[in-house]
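Asker: Pasting in a structure now, in structure tokens, and then I'll have a few things to ask.
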């Protein structure tokens, strides 16, 4: 089971992902990080310097098989409502960024 989180503060992607991991770990979940996190973060910083808005990044919140009940659904909306992470919002099951 998975759910999606939209990272809006892409220039600080690593810190936002670390924060999501910390709050998700309480429920036995983790983020599936992009393989090119450092490049995405650097591109976002470059965009900010050029006074452009960096595009948000969608990451997947998934069950950590070593820490969670596999039958408990992953719910980014509930997680971030209970423990907000600056720079991250739940996709809200609206499918705004693809399937």
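Numbering (the working numbering), first residue to last: 4 to 102. We put the CB at the ideal spot given by N, CA and C, even for glycine. No experiment lies behind these values; they were computed from the predicted model shown.
Take residue 88 and list the residues in its own chain whose beta-carbon comes closer than 7 Å to its own, dropping the five residues that flank it on each side.
Answerer: Residue mapping note: residue 88 aligns to position 85 of the chain shown, counting from 1. Contacts found: 19, 22, 23 and 26.
Asker: For residue 5, I'd like the list of residues in its chain whose CB is within less than 6 Å of its CB, leaving aside the five on either flank, ordered along the chain.
Answerer: As a first step, residue 5 is located in the chain shown; it is residue number 2 there, counting from the start. Counting only Cβ-Cβ distances below 6 Å, and skipping sequence neighbours, we find 63, 65 and 77.
Asker: I'd like to check one pair, residue 70 with residue 31: are the Cβ atoms closer than 7 Å?
Answerer: Your numbering for residue 31 matches position 28 in the chain shown. Your numbering for residue 70 matches position 67 in the chain shown. Cβ atoms of residue 31 and residue 70: closer than 7 Å.
Asker: Are the beta-carbon atoms belonging to residue 2 and residue 35 less than 7 Å from one another?
Answerer: Only positions 4 to 102 of the chain appear in the structure, and residue 2 is not among them; the question remains open.
Asker: Excluding the 5 residues preceding and the 5 following residue 50 in the sequence, name in chain order all residues of the same chain whose CB lies nearer than 6 Å to its CB.
Answerer: Translated into positions along the chain shown, residue 50 becomes position 47. Contacts found: 57.
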